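Going from the sequence shown to the working numbering is simple: count from 1 and add 5.
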Amino acid sequence: MNNDHCQKNDIAFQKLEDELQTSRKTLKAIYDSTPYSIFLLSANYNIIFFNKWARDGSKLLYNRDMVVGESLLNYRVEGDEEIHKSFKTNFEQAILTKRVIISELEMHYPQMSFWVRSEYAPVYTDDDQLIGVLLNVQNISDRKQFQSMNEEKQLQLRQIAWSQSHETRQPLASLMGLVSLLDKESMTQENQEIIRLLEQTASRLEKVIHQNVTRANLHLHEQTEPKG
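Right under this line is the structure:
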């Protein structure tokens, strides 16, 4: 009887062990398929967990394998003082405030430069004991490049709007001001017709300038308006 009871316990234990192992593998597969680097770090910066992207990034940037139990502060290259300082500040701030800290920083390495968005999320047990900080690091260079292109385009639109509104309209206004001072009654019929055509052309040109400025301002508004 006791043997049967022990055998049932062994089977139940093995089943739980298998389920736990399956859950671990599933979780690891999810983390590894995520297109950014994930680290779980202890409060003293030691590596508890990292995903495939973090491992590959370590080989690419530091030419070394990432090791569980080692301090992430040991992964450095010459000239990364700003990166190192930003990391420590945000890490400590996340623990101190118990809130997610988000930062964007341009990373400069000897072989490359790129922009990253980092999220520092403090992790606690059910009884509010600190486990460490979950760090997600995502490459946002494409987004930053797109933003830069948009900013350049916005500058060009502002310049167009200003040019149309001032550099083109001002001479036109000056010309029409002079025309208005002319004594049309003393002019020959031919000259009066020339002035009339000139006023019509100026009026059409004023409308075109107004339309161009309006289009430029509308396009500028579309570029700067928050999406979603």
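Virtual Cβ for every residue (Gly too), placed ideally from N, Cα, C.
Predicted, not measured: the structure shown is a model, and the values here were computed from it.
Asked                                                                                                                                                                  : Found
By alpha-carbon positions, which one of Met112, Lys103 and Val73 ends up nearest to Lys90?                                                                             : Met112
Is the distance from the Cβ of Ile107 to the Cβ of Tyr125 below 9 Å?                                                                                                   : yes
Hey, quick one: how far does the alpha helix (DSSP H) through Gly62 stretch, first residue to last?                                                                    : Lys57 to Tyr67
CB-CB under 8 Å to Ile52, same chain, minus the five flanking residues each way: which ones, in chain order?                                                           : Phe44, Leu45, Leu46, Met71, Val72, Val73, Gly74, Glu75, Ser76 and Leu77
Please determine, among Asn56, Ile100 and Gln143, the residue with the shortest C-alpha to C-alpha distance to Val121.                                                 : Gln143
In whole angstroms, what separates the C-alpha of Ile145 from that of Phe119?                                                                                          : 8 Å
Where does Asn196 land, buried or exposed, given buried means 16+ other C-beta within 10 angstroms?                                                                    : exposed
Measure the alpha-carbon distance for Asp131 versus Ala59 and round it to whole angstroms.                                                                             : 27 Å
Would you report the Cα separation of Gly84 and Phe92, rounded to the nearest angstrom?                                                                                : 14 Å
Hey, quick one: how far does the beta strand (DSSP E) through Ser118 stretch, first residue to last?                                                                   : Met117 to Tyr129
Pull up the DSSP beta-bridge partners for Met71, would you.                                                                                                            : Note: Met71 sits in no beta bridge, so no partner.
To the nearest angstrom, how far is it from the Cα of Leu4 to the Cα of Arg209?                                                                                        : There is simply no residue 4 to check, as the chain begins at 6 and stops at 233 in what is shown.
Do Ala48 and Val138 come within 9 Å of each other at the CB atom, strictly closer than that value?                                                                     : yes
Ser42: buried (16+ other C-beta within 10 angstroms of its C-beta) or exposed?                                                                                         : buried
Tell me whether the beta-carbon of Phe55 lies closer than 9 Å to the beta-carbon of Ser63.                                                                             : yes
Is Ile145 helix, strand or coil when you go by DSSP?                                                                                                                   : coil
Answer with buried or exposed for Pro115, where buried requires no fewer than 16 other C-beta atoms within 10 angstroms of its C-beta.                                 : exposed
Could you confirm whether any beta carbon from chain C is found closer than 9 Å to the beta carbon of Glu86?                                                           : Of the protein chains in this structure there is only one, and it is not chain C.
With Ser91 as the anchor, note down where its alpha helix (DSSP H) starts and where it stops.                                                                          : Glu86 to Thr102
For Ile263, collect the residues of the same chain with a Cβ closer than 8 Å to its Cβ; drop the 5 residues on either side in sequence, then sort them by chain order. : Lying outside 6 to 233, the shown extent of the chain, residue 263 is not represented and no answer is given.
So is Asn141 buried or exposed if we call it buried at 16+ other beta carbons inside 10 Å?                                                                             : buried
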